[in-house]
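Okay, so here's the structure we're looking at.
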Amino acid sequence: MSTHRSRRDFVGLGAAGMAGALASSWPSLAHGAQSTAATSAPEADTVVLNGTVHTVDAATPRAEAFAIKSGRIIAVGRSSDIRGLAGKATRVMDAKGMTIVPGFIDTHNHPIGTTLLYETIVGNPFEVEFVTIASIVDKLRAKAATLPPGTWVEGFFHDDTKLKDKRLLTMRDLDSVSTEHPVIVRHRGGHTYFYNSKAFELAGVTKDTPNPPGGTYDRDGNGELNGRVTDRASAAFSRVGRRPEYTQAEREKRDRDGIAHISKEFARYGLTSVHHQGGNLAALQDVRARGDLRHRVSYESSGSVLESMITNGIRTGFGDDWIRFGATSEHTVDGSFSERTMALSMPYPNVTPPYTGNVTETQETLDAWVERVHRAGIQVNCHANGDVAIDMYLTAFERAQRVAPRADARPKITHCTLINDDLVRRIKALGAVPSMFTSYAYYNPDKFVFYGEELMRRCMAYRTLLDAGIPAAAGSDFQPGPFAPLMGIQGMVTRTGWDGKTWGANQRISVAEAIRVNTLNGAYASREELTKGSITEGKLADFVMLSDDPHTVSADRIKDIRIVRTVVGGSTTYEA
Ligand SMILES: [Zn+2]
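Numbering (the numbering used here), first residue to last: 11 to 586.
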């Protein structure tokens with residue numbers, strides 16, 4: 011970064027010289043520092059002393075202390091130097107040797123706090139936990155008892171490989187919930203669904219109904235429907251049955267409460283910035299206005315919000331440090347990694363009849379969408395998991411750059427799961443930014459068995475991409491993945507799952523790299539690397555205090571490190 015001053019510069023400056031340097035280097039600080047700028051050191055609002063600070067700033071990777079004024083970091087260095095910036099009113103935070111890293115950034119998240127608060131949750135959203143099919147049926151039965159017949163009964167956060175029963179949920183299981191209500195259990199991955207007979211009856215889908223493009227009605231060995239439906243085949247069900255109805259006021263309240271709720275959860279896990287996949291923009295602003303937004307939002311739009319951005323000239327970057335329009339929401343090109351529907355160039359191992367996953371869009375439609383968004387000056391973002399889908403997206407973007415060239419466009423590739431050498435070369439050439447699964451390596455080893463080690467060596471390929479100079483970022487994809495950044499970092503470093511099994515160890519990265527992926531690379535993905543992502547003079551004062559140093563604890567304990575304090579813009583958003 012051109013504006014950065016090195017540690018040597020800082021240490022060499024006396025207090026007065028430093029104030030002058032700050033005033034000239036950082037015009038944005040002028041308001042806060044005006045009265046003292048010319049004559050003495052600026053008095054910090056807060057100084058953080060005696061820490062083990064991993065700054066993620068290549069010029070000064072380690073520090074002990076830093077000072078904050080008006081929500082920004084104004085100096086980074088040794089405790090003895092920073093202490094001098096404290097005045098009578100300055101708050102002194104003694105880190106007592108604790109580890110401090112920049113605030114974590116999650117670049118792909120569906121922040122469905124409303125679901126967490128108000129819906130029937132049939133799996134554990136945050137941790138590895140095995141449940142029974144009986145427990146799912148019980149919860150849904152209780153829910154059905156509160157709803158009139160014909161109304162959907164929905165279960166959320168199901169994970170098909172976290173069942174003690176060690177088999178898939180079936181239509182028959184869900185018929186035991188109700189034969190009067192349509193029942194749906196949504197896989198947390200968001201691409202597969204399990205329905206009861208009533209739902210199939212209402213949707214008019216029988217064993218003789220052919221699979222639609224981009225989806226399947228799954229069948230058992232005898233050709234009978236088994237209840238599982240993938241990707242675009244779910245459309246037949248979304249048009250039928252009654253759903254609970256809410257007034258406008260009720261909906262808005264639910265959305266506000268949901269955002270405030272999940273914001274608290276983000277802070278608890280050390281997140282200071284999250285890229286939201288859509289959501290109620292008005293509610294988001296209300297929650298901020300009432301003081302309940304604890305994280306910064308890169309808002310990724312779709313539908314009518316994206317449409318109004320395009321037609322009204324609102325571009326990526328519009329907004330402020332708390333709520334800013336980022337890339338688009340993920341525009342889906344293929345299926346799911348965890349639910350085994352992503353589009354592969356080879357058949358899935360051990361699946362009969364041969365299956366290569368779901369492509370959910372034609373190349374022509376994708377080309378047109380990418381070009382339109384790109385021409386509008388908005389950062390394009392597509393969901394592409396399998397090598398086939400990544401190839402399609404890159405093809406569309408290469409074409410868009412030919413017809414409407416723009417420097418530093420940073421097309422975002424959500425997931426970018428299965429790569430090969432040719433794709434890596436093209437990603438690099440386009441300056442694309444992959445946002446890849448984080449917690450999966452720890453959370454989902456029970457899925458990797460379906461792909462096998464040979465494919466897993468090319469999946470979630472952090473090592474390959476970082477080595478190619480591509481700034482891969484962390485995208486938990488909550489609700490599909492838990493969003494705990496430390497769980498993510500452990501998985502990136504070890505590639506070992508909860509069950510002790512290791513997959514694709516060739517893609518391991520170092521602790522320092524994994525922290526960078528979860529901080530500075532995340533800032534780069536939303537074009538905010540000049541204002542966040544590292545503990546650097548002039549940047550926003552977003553950081554996390556940890557109970558232990560991820561560099562020194564045993565790698566299989568990183569996820570157990572406690573978040574002691576989360577700070578956004580100098581204000582504490584979570585304290586253990
Ligand atoms: Zn997603």
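Cβ coordinates follow ideal geometry from the N, Cα and C atoms, glycine included. This structure is a prediction, so every number in the text was calculated from the model and none was measured.
1) Using CA atoms only, rank isn't needed, just tell me which of V284, S312, M319, H271 is closest to G301.
2) Going by other Cβ atoms of all chains shown within 10 Å of its Cβ, with 16 needed for buried, is V102 buried or exposed?
3) If we ignore side chains and look at the alpha-carbon of each, how far apart do H425 and A394 end up?
4) Looking only at DSSP bridge pairs, what is A394 linked to?
5) Which parts of the stretch 518 to 566 are runs of the alpha helix (DSSP H), unbroken and 4 residues or longer, counting only runs that do not cross its ends?
6) Closer than 6 Å by C-beta to F140: which residues in its own chain qualify, once you throw out the five before and the five after it? Chain order, please.
7) Express the C-alpha separation of V459 and G200 in angstroms, rounding to a whole number.
8) With G97 as the anchor, note down where its alpha helix (DSSP H) starts and where it stops.
9) Looking only at its chain, what residues have a beta carbon closer than 6 Å to the beta carbon of V577, apart from the 5 residues adjacent to it on each side?
10) Let me know the secondary structure DSSP gives Q287 once reduced to three states.
11) Where does Q500 land, buried or exposed, given buried means 16+ other C-beta within 10 angstroms?
12) Going by C-alpha distance, which of F328, C469, F276, M108 is nearest S311?
13) What residues are listed by DSSP as bridge partners for H64?
14) Under 6 Å: does the beta carbon of E340 sit that close to some heavy atom of ligand 1?
15) Could you give the C-beta distance for G345 and D230, rounded to a whole number, given that I count them as a contact under 8 Å?
16) Following the continuous alpha helix (DSSP H) through P455, name the residue where it begins and the one where it ends.
17) Hey, out of P359, D330, L440, whose CA is closest to G463's CA?
18) Specify, as a first and last residue, the run of the beta strand (DSSP E) that E585 falls within.
19) Between R334, A246, K542, which lies nearest to G81 when the distance is taken from Cα to Cα?
20) Tell me, which residues are paired with A483 by DSSP?
21) Are the beta-carbon atoms of V147 and S186 separated by less than 7 Å?
22) Please name the residue or residues paired with K79 in a DSSP beta bridge.
23) For a test of the three-state rule: what should DSSP assign to I146, helix, strand or coil?
Put simply:
1) For this step, residue 301 is matched to residue 291 along the sequence shown. Residue H271 is the option with its Cα nearest to G301.
2) Translated into the one-based positions of the sequence shown, residue 102 becomes position 92. With a threshold of 16 other beta carbon atoms within 10 Å, V102 falls short and is exposed.
3) Here residue 425 is taken as the residue at index 415 of the sequence shown, counted from 1. Here residue 394 is taken as the residue at index 384 of the sequence shown, counted from 1. Put simply, the backbone Cα of H425 is about 6 Å away from that of A394.
4) Residue mapping note: residue 394 aligns to position 384 of the sequence shown, counting from 1. Looking at the DSSP output, A394 shares a beta bridge with H425.
5) Runs of alpha helix (DSSP H) with 4 or more residues, each lying fully within the stretch 518 to 566, are found at 521 to 527, 530 to 535, listed in chain order.
6) Translated into positions along the sequence shown, residue 140 becomes position 130. In its chain, beyond the 5 residues on either side, K172, K174 have a beta carbon closer than 6 Å to the beta carbon of F140.
7) One-based indexing of the sequence shown puts residue 200 at position 190. One-based indexing of the sequence shown puts residue 459 at position 449. One Cα belongs to G200, the other to V459, and the distance between them is close to 20 Å.
8) As a first step, residue 97 is located in the sequence shown; it is residue number 87 there, counting from the start. That residue, G97, is in no alpha helix (DSSP H); it is neither H nor E in DSSP.
9) The residue labelled residue 577 in the question sits at position 567 within the sequence shown. Result list for V577: F553, in chain order.
10) Counting from one through the sequence shown, the residue named residue 287 turns up at place 277. DSSP, read as helix, strand or coil, puts Q287 in strand.
11) The residue you call residue 500 lines up with position 490 of the sequence shown. Under this definition Q500 is a buried residue.
12) As a working mapping, residue 311 is identified with position 301 in the sequence shown. It is F328.
13) Position 54 of the sequence shown, counted from the first residue, corresponds to residue 64. Per DSSP, R72.
14) Residue mapping note: residue 340 aligns to position 330 of the sequence shown, counting from 1. Yes.
15) For the purposes of this step, residue 345 is taken as residue 335 along the sequence shown, with counting starting at 1. For the purposes of this step, residue 230 is taken as residue 220 along the sequence shown, with counting starting at 1. Not really, about 21 Å apart at Cβ, beyond 8 Å.
16) As a first step, residue 455 must be located in the sequence shown, where it is residue number 445. Looking at the DSSP string, the run of the alpha helix (DSSP H) that includes P455 is 455 to 458.
17) The residue labelled residue 463 in the question sits at position 453 within the sequence shown. According to the sequence displayed, residue 463 carries Glu and not Gly. For E463, the closest alpha carbon among the candidates P359, D330, L440 is that of P359.
18) Taking the first residue of the sequence shown as position 1, residue 585 is located at position 575. That run of the beta strand (DSSP E) goes 581 to 585.
19) Here residue 81 refers to the residue found at position 71 of the sequence shown. With distances taken between Cα atoms, G81 lies closest to K542.
20) Along the sequence shown, read from residue 1 onward, the residue named residue 483 stands at position 473. Beta-bridge pairing links A483 to S445.
21) Translated into positions along the sequence shown, residue 147 becomes position 137. Translated into positions along the sequence shown, residue 186 becomes position 176. A contact, by the Cβ cut-off of 7 Å.
22) Working through the sequence shown from its first residue, we reach residue 79 at position 69. Listed as beta-bridge partners of K79 by DSSP are R82.
23) Residue numbering aside, residue 146 sits at position 136 when the sequence shown is read from its first letter. Residue state, collapsed to three classes: helix.
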